[in-house]
Amino acid sequence: MDKPKTPSLTTNRRSFLGAASVLGATAAMASPLGIPAANAQVPAVPGAGTAAAASPVTTRAIPSSNEAVPALGLGTFLVFDLLPGAKRDNLREVMKTYADAGARVVDTSPLYGSAQYSVGQLATELGITERLFIANKVWATGEYLADESQARRSLELSQRALWRERIDAMHVHSLVNVDVVLPYLRAWKKEGLIRYTAISHYENQYHEPLAALVEAGNLDIVQVNYSIFNRAAESRILPAARDRGVAVFTNMPFEKARLFQVVQGRPLPDFAREFGAANWAQFFLKFAMSHPAVTCVLAATADPAHAAENVGALRGPLPDQAMRQRMVRHMETIPGFDRIAATPWYPGKAQMYQGLIRRSQGQLRQRLS
């Protein structure tokens, strides 16, 4: 494929993102949790700043291949969805910050508006397309039972958008038509179109079917929501993934900005220094990264300064089990923490990230009003 030459979003971390009303470690520190030796620290990707390049980053192994991936990746829902012609300067800097720090996993989807086009264009501009580990998704019902055509068109669209002949990981997005699509993903893997088969969801009520598919075997990656607030995945999915040798990518580590709202104006606890957390973003990310079953934590942002905060979580020790419990106990003392689930996503930022998704949502609301 010929690669195109292509083309500022700023936001405050404490009032981060916008409302989407309808879309719903050092080895020594890690060892008490039983993290395998393969989950090592390696030098950061060349090209980062001097200090960053000299520091190790935490990696985890995908069990089915033993391939090491960074324990932090970039999410793109809403934040990489822009209208045609919109400037992408900040997104380019975000992607560069992640890649330079060694956080080369990028998660996207055709359902994320123009996000996968933004990823493809910016990665091409930066010359990092082949360095990235791209996790993508398929949402397809088919024209009839067992029909592959819609799923295949989705794959081909992603290949063109991302300028990749082969996608690293392909998820059945939100388990849509999973009984039909997952076998096709296995065929695509055999045919060399993708490298890993995966399934994903972001809601607790789908944890049981996710876990059942993990336990059934013949799966490389499961993506699930997991955070210091929402630890439901610990009950079945995470143990099943460890037992079955399935990698775990986690989403919603910041609970769609609701965690930042709860801690707004509050200092980090002093004990955060013990595992190298310099800000609340790193506090929340290191909690998710430190679970022994978690392979990669996906964190989205459109702000380069916040990207720099996030990638700092890749370095230094991770909390052990006792520290993880202490982190939870501390959060439970903060007013509002117990009510996060009842708070709308992206509190107070209904006008942020006006891309294709937000435009369509607004148009529908107008038609229904």
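Note that the sequence shown covers residues -30 to -1, 1 to 339 in mature numbering (1 follows the signal peptide of the UniProt record, and there is no 0).
All C-beta atoms, glycine included, are put in the ideal place defined by N, C-alpha and C.
| Asked | Found |
| --- | --- |
| Thinking C-beta only, is Ala242 closer than 9 Å to Ala248? | yes |
| Check the DSSP bridge columns for Arg30 and list the partner residues they point to. | Val39 |
| Since Phe103 and Val39 are thought to touch, with beta carbons under 8 Å apart, how far apart are those beta carbons, to the nearest angstrom? | 6 Å |
| Restricting to Cα atoms, I'd like to know which of Val49, Asp240 and Pro289 is closest to Ala227. | Val49 |
| According to DSSP, is Pro140 helix, strand or coil? | The residue asked about is misnamed: residue 140 is Met in this sequence, not Pro. Looking at Met140 - three-state DSSP - the assignment turns out to be strand. |
| According to DSSP, Val194 sits in a beta bridge with which residue or residues? | Thr220 |
| Specify, as a first and last residue, the run of the beta strand (DSSP E) that Arg62 falls within. | Arg62 -> not in any beta strand (DSSP E); alpha helix (DSSP H) instead, spanning Asp59 to Asp70. |
| Measuring straight from C-alpha to C-alpha, what distance separates Asp290 and Tyr82? | 35 Å |
| Taking Cβ positions, are Val151 and Val108 nearer each other than 9 Å? | yes |
| Rounding to the nearest angstrom, what Cα-Cα distance links Ala269 and Val298 in this structure? | 20 Å |
| Would you tell me roughly how many angstroms separate the C-alpha atoms of Asn200 and Arg122, rounded to the nearest one? | 34 Å |
| Our contact map puts Met65 next to Leu92 with C-beta atoms below 8 Å; I'd like the distance itself, whole angstroms only. | 5 Å |
| Taking contact to mean 3 or more Cβ pairs, one atom from each stretch, closer than 8 Å, check whether the stretch 177 to 195 and the stretch 270 to 280 are in contact. | no |
| DSSP three-state call for Val108: helix, strand or coil? | strand |
| Should Gln336 be labelled buried (16 or more other beta-carbon atoms within 10 Å of its own) or exposed? | exposed |
| Excluding the 5 residues preceding and the 5 following Glu63 in the sequence, name in chain order all residues of the same chain whose CB lies nearer than 6 Å to its CB. | Pro274 |
| Between Met140 and Ala181, which are expected to be in contact by the criterion C-beta below 8 Å, what is the C-beta distance as a whole number of angstroms? | Their Cβ separation, rounded to whole angstroms, is 20 Å, which puts Met140 and Ala181 out of contact at 8 Å. |
| Is residue 340 helix, strand or coil when you go by DSSP? | Nothing in the structure corresponds to residue 340, since the chain is present only between -30 and 339. |
| May I have the straight-line CA-CA distance separating Val232 from Phe307, to the nearest angstrom? | 6 Å |
| Considering only residues of the same chain and omitting the five flanking positions on each side of His300, which have a CB-CB separation below 7 Å? | Pro239 |
| Where does Ala211 sit, in a helix, a strand or coil, going by DSSP? | helix |
| Can you give me the start and stop residues for the beta strand (DSSP E) that Val267 sits inside? | Cys266 to Ala270 |
| Can you tell me which of Pro33, Glu37, Ser124 and Phe230 puts its alpha carbon nearest to the alpha carbon of Thr78? | Ser124 |
| How long is the line joining the alpha carbons of Pro223 and Ile198, rounded to whole angstroms? | 7 Å |
| Does DSSP classify Leu53 as helix, strand or coil? | coil |
| Using the DSSP secondary-structure output, state which residues sit across from Leu44 in a beta bridge. | Val76 and Ala269 |
| May I have the straight-line CA-CA distance separating Thr220 from Gln333, to the nearest angstrom? | 31 Å |
| Nearest CA to the CA of Ala31: which residue from Leu52, Gly215 and Ala105? | Gly215 |
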